[in-house]
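A.B. asks: Numbering-wise, the numbering used here comes out as the position in the sequence shown, counting from 1, plus 18.
Before we start, here is the structure in question, set down as structure tokens.
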Amino acid sequence: MIISKVEQFSLPDYSRGICNIINDELSVFGIEQKGKSLGLDLKKNRKTTLVFIDGFGWNLYSRSKNFKNINSSKISSIFPSSTDSASISLVSGLSPGTHGIVGYKAFVKSTGAIIKPLENTYASAFHGNNLLSGIGRLNQMLKIDTIFNALSRKKIKSVVITPNFTAGSSFSSLIFDGANEVIGYENIWDAFHIYRKAIENDSIKFIHFYIPHVDTIEHIHGYESKEALEAAEYIIKKIAEINENKKTNTIITADHGHKMVDDIIDLSKNKKLIRKLDIPPYGDSRAPLFRSRYDIRSELSQYSMKIFGKNEREILLGPIGKDMEDSLPDYMGAAMDSVGFTFNYKLKKKKGEKWYGEPASNHGGLSPDEMEVPVLTLP
């Protein structure tokens, strides 16, 4: 088994996971690899597409009878397996311990704040509040060397196809740095139209195609729902149809799977815990992270949560980057059972304001359902 087991958990495997896919991509174009590859069956010097399906976990993939003839392997996500953290790892090959974006709500020391990188806001903000504009874009604060940078240095043309809401964002400027073009789309039909044109354009040699729809459906209906399975099957069938008779390497993978959630626990109600924290909890719903100079294990003992300490950072976050020690959490939580955690950064709601709801399923933790993802290759 490629993923180590601890109790009911699957620990991230940074030798065979989503961080390694970049090395398979680089090998296609004869570019020096950054580390170990997955050994995917890809043809050299051929147009290559990475289809990144948000929320397409191994648990969802394995339920379908329509995927049986596809070449597939089970690999590991990173921790926490939030889209923000995983997206950076996927395009750079870096672990969260090296790139420093740890969780959907991440503490970024250069901003002095807990932020939502994907939304370019402070953690207390709601969608549409671009509160980080006054302190610069993420690519000015963080530096990563992406697959697109590597291709650009060799004059190899790459494009990104991503939803409009991310296409021009600060986060996109970080993770898609080096791409010749970032193309936004309005809906899934628009996305496939753009993808088809990119496949048929001989000058484009690498396509990164991000699809968030399966994850959205899972949050609403749960990963066990027929709606989630139908969405995943439709997307992969459509990709295969567009690629038919095209000389293209196609890799399909995901950032994480999902776990059914029955209860959301508000950590802001634990006053003893809050008094011992240097900053509010951050991270992800099923992977709360804590910074504290005190031992807070007793304050967290009432929760269905496994606690990992500083000396276990590398187990969860992978190799720790230079100058990252002070930016990483002191304690890392992993939800047990079907629970999630939240923290209300605002003590009072404004009239008509809604706080984070209770999704049918969620992610970020260390269960096999969340950590195990497929990597598929289409002929």
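No residue lacks a Cβ here, since even glycine has one placed at the ideal position from N, Cα and C.
Fair warning: this is a prediction, and the values are worked out from it, not measured in the lab.
Applying the criterion that 16 or more other CB atoms from any shown protein chain within 10 Å of the CB defines a buried residue, is residue 322 buried or exposed?
C.D. replies: Within the sequence shown, residue 322 is the residue found at index 304, counting from 1. Exposed, by the Cβ-count rule.
A.B. asks: For residue 115, report the span of its beta strand (DSSP E) as first-last.
C.D. replies: Against the sequence shown, residue 115 aligns to sequence position 97. Careful: residue 115 lies outside any beta strand (DSSP E), inside the alpha helix (DSSP H) at 114-117.
A.B. asks: Mapping DSSP to helix, strand and coil, what is residue 104?
C.D. replies: Here residue 104 is taken as the residue at index 86 of the sequence shown, counted from 1. DSSP places residue 104 in helix when its eight states are reduced to three.
A.B. asks: Is the Cβ-Cβ distance between residue 96 and residue 336 less than 8 Å?
C.D. replies: By one-based count along the sequence shown, residue 96 stands at place 78. By one-based count along the sequence shown, residue 336 stands at place 318. Yes, the pair counts as a contact, with Cβ atoms nearer than the cut-off.
A.B. asks: Measuring alpha carbon to alpha carbon, tell me which of 294, 285, 276 and 325 ends up nearest residue 311.
C.D. replies: Numbered from 1 along the sequence shown, position 293 holds the residue referred to as residue 311. Considering only alpha carbons, the answer is 294.
A.B. asks: Please classify residue 211 as buried or exposed, where buried requires at least 16 other C-beta atoms within 10 Å of its C-beta.
C.D. replies: Along the sequence shown, read from residue 1 onward, the residue named residue 211 stands at position 193. By the 10 Å Cβ count, residue 211 comes out exposed.
A.B. asks: Is the CB-CB distance between residue 34 and residue 46 below 8 Å?
C.D. replies: Sequence index remark: in the sequence shown, residue 34 carries index 16 (1-based). Sequence index remark: in the sequence shown, residue 46 carries index 28 (1-based). The answer is no: Cβ separation not under 8 Å.
A.B. asks: Thinking C-alpha only, which one of 27, 284, 227 and 60 is nearest residue 395?
C.D. replies: Your numbering for residue 395 matches position 377 in the sequence shown. Closest by alpha carbon: 60.
A.B. asks: Going residue by residue through the segment 153-180, where are the continuous alpha helix (DSSP H) segments of at least 4 residues, counting only ones entirely within it?
C.D. replies: DSSP runs (the alpha helix (DSSP H)) wholly in the segment 153-180: 156-159 and 165-171.
A.B. asks: Is residue 379 helix, strand or coil when you go by DSSP?
C.D. replies: Position 361 of the sequence shown holds residue 379. Note: residue 379 maps to strand in three-state DSSP.
A.B. asks: Using 8 Å as the threshold, is the C-beta distance between residue 361 and residue 353 below it?
C.D. replies: As a first step, residue 361 must be located in the sequence shown, where it is residue number 343. As a first step, residue 353 must be located in the sequence shown, where it is residue number 335. Contact flag unset, no.
A.B. asks: Can you tell me whether residue 341 is buried or exposed, with buried defined as 16 or more other CB within 10 angstroms of its CB?
C.D. replies: Along the sequence shown, read from residue 1 onward, the residue named residue 341 stands at position 323. So residue 341 counts as exposed.
A.B. asks: Identify which residue in 42, 305 and 385 has its Cα closest to the Cα of residue 27.
C.D. replies: Within the sequence shown, numbered from 1, the residue matching residue 27 stands at position 9. Ranking 42, 305 and 385 by Cα distance to residue 27 puts 385 first.
A.B. asks: Find out if the Cβ-Cβ distance for the pair residue 377, residue 237 is shorter than 8 Å.
C.D. replies: Translated into positions along the sequence shown, residue 377 becomes position 359. Translated into positions along the sequence shown, residue 237 becomes position 219. Yes, the Cβ-Cβ distance between residue 377 and residue 237 is below 8 Å.
A.B. asks: Just checking, does the segment 200-207 make contact with the segment 173-182 on the three C-beta pairs under 8 Å criterion?
C.D. replies: Touching, yes.
A.B. asks: To the nearest angstrom, how far is the alpha carbon of residue 37 from that of residue 111?
C.D. replies: Position 19 of the sequence shown holds residue 37. Position 93 of the sequence shown holds residue 111. Roughly 4 Å between the two C-alpha positions.
A.B. asks: Given a threshold of 16 other Cβ atoms within 10 Å of its Cβ, counted over all protein chains shown, does residue 123 qualify as buried or as exposed?
C.D. replies: By 1-based counting over the sequence shown, the position of residue 123 is 105. Buried is the call here.
A.B. asks: Which whole-angstrom value is the C-beta distance of residue 305 and residue 30, which I expect to be below 8 Å?
C.D. replies: Taking the sequence shown and counting its residues from 1, one reaches residue 305 at position 287. Taking the sequence shown and counting its residues from 1, one reaches residue 30 at position 12. The Cβ separation is near 11 Å, so there is no contact.
A.B. asks: Does the separation of the CB atoms of residue 280 and residue 357 fall below 8 Å?
C.D. replies: Locating residue 280 in the sequence shown gives position 262, counting from the first residue. Locating residue 357 in the sequence shown gives position 339, counting from the first residue. The answer is yes: Cβ separation under 8 Å.
A.B. asks: Excluding the 5 residues flanking residue 224 on each side, which residues of the same chain have their C-beta closer than 6 Å to its C-beta?
C.D. replies: To locate residue 224, count along the sequence shown from 1; it is residue 206. Counting only Cβ-Cβ distances below 6 Å, and skipping sequence neighbours, we find 66, 169 and 176.
A.B. asks: What does residue 229 pair with, by DSSP beta-bridge criteria?
C.D. replies: Translated into positions along the sequence shown, residue 229 becomes position 211. According to DSSP, residue 229 bridges with 71.
A.B. asks: Name the residue from 247, 382 and 345 whose alpha carbon lies nearest to the alpha carbon of residue 351.
C.D. replies: Start at 1 with the first residue of the sequence shown, and residue 351 comes out as number 333. Of 247, 382 and 345, the residue nearest in Cα terms is 382.
A.B. asks: Excluding five sequence neighbours on each side, which residues of the same chain lie with their C-beta closer than 8 Å to the C-beta of residue 418?
C.D. replies: No statement about residue 418 is possible, as the shown extent of the chain runs from 19 to 397 and does not include it.
A.B. asks: In its own chain, which residues sit with a C-beta less than 7 Å from the C-beta of residue 198, not counting the 5 before and 5 after it?
C.D. replies: As a first step, residue 198 must be located in the sequence shown, where it is residue number 180. 175, 176 and 177, listed in sequence order.
A.B. asks: In the DSSP output, which residue or residues are listed as bridge partners for residue 198?
C.D. replies: Residue numbering aside, residue 198 sits at position 180 when the sequence shown is read from its first letter. In the DSSP output, where bridge partners are listed per residue, residue 198 has none listed.
A.B. asks: Can you tell me whether residue 367 is buried or exposed, with buried defined as 16 or more other CB within 10 angstroms of its CB?
C.D. replies: The residue you call residue 367 lines up with position 349 of the sequence shown. For residue 367, the pLDDT reaches just 48, beneath the cut-off of 50, and the residue's location in the model is therefore unreliable, although a value from the coordinates is still provided. With fewer than 16 Cβ atoms within 10 Å of its Cβ, residue 367 is classed as exposed.
A.B. asks: Would you say the segment 78-94 touches the segment 102-110, given that touching needs at least three Cβ pairs under 8 Å?
C.D. replies: Judged by Cβ distances under 8 Å, the segment 78-94 makes no contact with the segment 102-110, as fewer than three pairs qualify.
A.B. asks: Opposite residue 400 in the DSSP bridges: which residues?
C.D. replies: Here the chain has residues from 19 to 397 only, and residue 400 is not among them.
A.B. asks: Quick check on DSSP: helix, strand or coil for residue 322?
C.D. replies: The residue given as residue 322 occupies position 304 in the sequence shown. DSSP places residue 322 in coil when its eight states are reduced to three.
A.B. asks: Check whether the segment 240-257 and the segment 271-290 touch, using three or more Cβ-Cβ pairs below 8 Å as the test.
C.D. replies: Yes, the segment 240-257 is in contact with the segment 271-290.
A.B. asks: Give the DSSP bridge partners of residue 270, in chain order.
C.D. replies: The sequence position of residue 270 within the sequence shown is 252, counting from 1. Partner(s): 69 and 394.
A.B. asks: Within the continuous beta strand (DSSP E) that includes residue 386, where are the two ends?
C.D. replies: In the sequence shown, counting from the first residue as 1, residue 386 sits at position 368. Where residue 386 is concerned, there is no enclosing beta strand (DSSP E), although the alpha helix (DSSP H) it sits in stretches over 386-389.
A.B. asks: With a CB to CB cut of under 7 Å and the five nearest residues on each side skipped, what residues in its chain are close to residue 328?
C.D. replies: Residue 328 sits at position 310 when you count from the first residue of the sequence shown. Here the set comprises 348.
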